[in-house]
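For what it's worth, the numbering used here labels the leading residue of the sequence shown as 73, then goes sequentially. Every residue, glycine too, gets a C-beta built ideally from N, C-alpha and C. Reading through the structure tokens given below for one structure.
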Amino acid sequence: MKNSKIDMTHGPLLGKLIIFTIPIILSGVLQLLFNAADVIVVGRFAGEASLAAVGSTGALINLMTNLFIGMSIGANVCAAQAYGAHNEDDVSKTVHTSIGFSLICGIILIFIGLIGARPMLEIMGSPEDVINLSTLYVKIYFVAMPAIMLYNFLAAILRASGDTKHPLIFLTIAGIINVILNLILVIVFKLGVAGVAIATVSSNFISCFLLVRFFMIQTDSLKLHPSKISIDGRILKKIIRIGLPAGIQGTVFSLSNVVIQSAINSFGTAVIAGSAAAGSIEGFVYISMNSVSQTTVTFVGQNFGAGDEHRVKKVVLETLVIVTVVGLIMGNLAYYFSDELLGVYTDSMDAIIAGRLRLFWVCCPYFLCGIMDTLTGGLRGLGHSFAPMIVSLLGACFSRLIWIATFFQIHHTQSVLFFSYPGSWLLTLSVHSICLIVIYRQWVRRKSSEIRI
73 MKNSKIDMTH GPLLGKLIIF TIPIILSGVL QLLFNAADVI VVGRFAGEAS LAAVGSTGAL
133 INLMTNLFIG MSIGANVCAA QAYGAHNEDD VSKTVHTSIG FSLICGIILI FIGLIGARPM
193 LEIMGSPEDV INLSTLYVKI YFVAMPAIML YNFLAAILRA SGDTKHPLIF LTIAGIINVI
253 LNLILVIVFK LGVAGVAIAT VSSNFISCFL LVRFFMIQTD SLKLHPSKIS IDGRILKKII
313 RIGLPAGIQG TVFSLSNVVI QSAINSFGTA VIAGSAAAGS IEGFVYISMN SVSQTTVTFV
373 GQNFGAGDEH RVKKVVLETL VIVTVVGLIM GNLAYYFSDE LLGVYTDSMD AIIAGRLRLF
433 WVCCPYFLCG IMDTLTGGLR GLGHSFAPMI VSLLGACFSR LIWIATFFQI HHTQSVLFFS
493 YPGSWLLTLS VHSICLIVIY RQWVRRKSSE IRI
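The structure is reproduced here in structure tokens:
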């Protein structure tokens with residue numbers, strides 16, 4: 073375990089940032105492969121309608137889960153700041169409070185998924201030849217919500233301790249099992265959409281079990297004692313203070329994506345399928361950039377806890393450089409090889425053309441989204457989550473909704489629709505930059521005043 077941890081508060085930064093980020097990227101890629109395997113298998117062996125059914129549920133699933141998953145960011149910041157301050161008691165309390173809280177969230181989500189799946193899909197305008205299959209996929213998927221919530225919270229705490237390697241190992245095992253089950257249930261047993269959903273649920277439970285077991289065998293403040301699982305009011309309040317705004321932000325982001333998905337649905341099944349395939353490809357670019365944002369949260373959190381303002385500034389600047397490079401390279405490669413990548417998902421030329429157009433508008437300028445998220449990560453690491461929530465809601469979400477309600481109604485084309493993404497990213501990151509500078513300077517001035525006193 074000690075060999076897996078990275079010391080975030082001492083020594084050179086750039087190498088540690090990269091070493092810490094790479095396992096998060098690979099872990100995120102493996103999680104996406106769960107969904108990508110679903111989409112590829114149904115697209116190849118169950119038909120275009122099944123591909124559209126599975127692919128079009130992503131925005132809805134995110135809408136229904138992001139509020140709760142956002143809370144794990146609060147757990148990450150709590151644990152990271154406690155580690156930076158060498159407060160082992162708070163680390164232990166964060167572990168046990170997070171377990172109890174995440175399980176409650178997961179159980180609530182099961183009922184939300186079972187009751188709300190079809191009504192929400194109807195509101196989104198899901199086509200008649202797709203909606204029954206989409207509903208089935210969502211209902212089965214939500215059975216795994218307690219495991220998904222628990223995994224997200226514990227993985228966030230493990231990252232806060234400096235360990236990103238073990239979640240990668242557990243996801244690798246679960247990912248291999250997921251792919252194998254996909255092939256067996258869809259090709260051999262002809263279960264179609266239900267088969268890929270069952271495979272995804274099974275893999276999520278496996279990865280969760282492995283992570284819980286890992287916490288139980290620790291010997292330090294991370295050790296899980298089942299008898300100590302309870303909710304500490306002070307810790308939960310801090311998790312909610314930081315995590316709730318992040319969750320609300322993610323939910324409203326998902327709401328704007330649901331509106332965009334509804335607009336995509338108006339173009340027909342081929343465009344839905346092409347957009348679903350493109351969205352899956354985009355996910356690999358996004359998760360790579362978002363991993364840098366997660367690194368920013370953790371490193372800023374630990375160094376904030378240690379009271380090192382110079383190192384906090386250096387973390388933000390260096391992660392901004394990293395995320396820009398990652399976004400530019402991966403985003404443009406995704407578009408350059410768009411035909412080959414989309415061809416993995418579908419044989420339909422109409423779907424490939426639609427997917428290619430989406431990749432142009434989203435992936436080429438995707439580095440702007442990475443910068444936006446990294447700035448948000450810096451703010452959250454400093455313990456500020458409300459300000460980035462407000463800025464993101466106004467800049468990235470409501471601006472898209474206004475765009476769709478105005479310009480898209482006048483010029484009803486896919487290009488006009490997808491332009492809402494880069495336009496909103498540029499607007500939001502500009503305001504985030506100002507917020508981060510102001511909050512950082514306030515913290516430095518407050519520290520200086522405390523030292524003088």
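- prompt: Between G455 and F339, which are expected to be in contact by the criterion C-beta below 8 Å, what is the C-beta distance as a whole number of angstroms?
  reply: Not really, about 43 Å apart at Cβ, beyond 8 Å.
field: CB contact flag (V324, S464, <9 Å)
entry: Note that the C-beta distance between V324 and S464 is below 9 Å.
query: Is it the case that the Cβ atoms of A423 and M444 are separated by a distance below 9 Å?
result: Their beta carbons are not under 9 Å apart, which means A423 does not touch M444 by this criterion.
task: Inspect the beta-carbon positions of A318 and G146 and report whether they are closer than 9 Å.
output: When the beta-carbon positions are compared, A318 and G146 come within less than 9 Å of each other.
Residue from G495, L451 and H484 whose Cα sits closest to the Cα of Q514: With respect to the C-alpha of Q514, the residue from G495, L451 and H484 having the closest C-alpha is L451.
task: Go ahead and pull the three-state DSSP assignment for T485.
output: Of the three classes helix, strand and coil, the one that applies to T485 here is coil, per DSSP.
query: How should P239 be labelled, buried or exposed, when 16 other C-beta atoms within 10 angstroms of its C-beta is the threshold for buried?
result: So P239 ends up on the buried side.
query: Which whole-angstrom value describes the C-beta separation of Y438 and G495, a residue pair presumed to lie in contact below a C-beta threshold of 8 Å?
result: The C-beta distance from Y438 to G495 rounds to 13 Å, too long to fall under 8 Å, and the pair is not in contact.
- request: Look at S487 and L414 and say whether their C-beta atoms are less than 9 Å apart.
  value: Not closer than 9 Å, so no.
field: Other residues of its chain near V503: CB distance less than 7 Å, five sequence neighbours each side excluded
entry: Listed in chain order, the non-local C-beta contacts of V503 below 7 Å within the same chain comprise V463 and G467, local neighbours out to five positions each way being set aside.
task: Counting only the same chain and skipping the five closest in sequence on each side, list residues whose C-beta sits under 7 Å from that of L230.
output: The beta carbon of L230 lies closer than 7 Å to those of H238 and P239 in the same chain, with the five residues before and after it left out.
R472 burial status per 10 Å Cβ neighbour count (16 or more: buried): With 16 or more Cβ atoms within 10 Å of its Cβ, R472 is classed as buried.
message: I'd like to know whether the C-beta atoms of I336 and G142 end up nearer to each other than 9 Å.
response: The answer is no: Cβ separation not under 9 Å.
- request: Look at the alpha carbon of I90 and the alpha carbon of V384, and state the distance between them as a whole number of angstroms.
  value: If you take the alpha carbons of I90 and V384, they lie about 16 Å apart.
message: Residues in the same chain with beta-carbon distance under 6 Å from M73, minus the five sequence neighbours each way, listed in chain order, please.
response: Here M73 scores only 48 on pLDDT, less than 50, and its place in the model is too uncertain to base an answer on.
query: Would the beta-carbon of Q374 fall within 9 Å of that of A228?
result: With contacts defined by Cβ atoms closer than 9 Å, Q374 and A228 do not form a contacting pair.
query: Which residue comes first and which comes last in the alpha helix (DSSP H) that contains A426?
result: Residues M421 to C435.
Whole-angstrom C-beta distance between T169 and N308, which should lie under 8 Å: It is worth fixing the name first, because residue 308 is Leu in this sequence and not Asn. So it is a contact: roughly 5 Å between Cβ atoms.
task: Report, in whole angstroms, the separation of the C-beta atoms of S410 and G427, which I expect to be a contact under 8 Å.
output: The distance from the Cβ of S410 to that of G427 is about 7 Å, consistent with a contact at the 8 Å cut-off.
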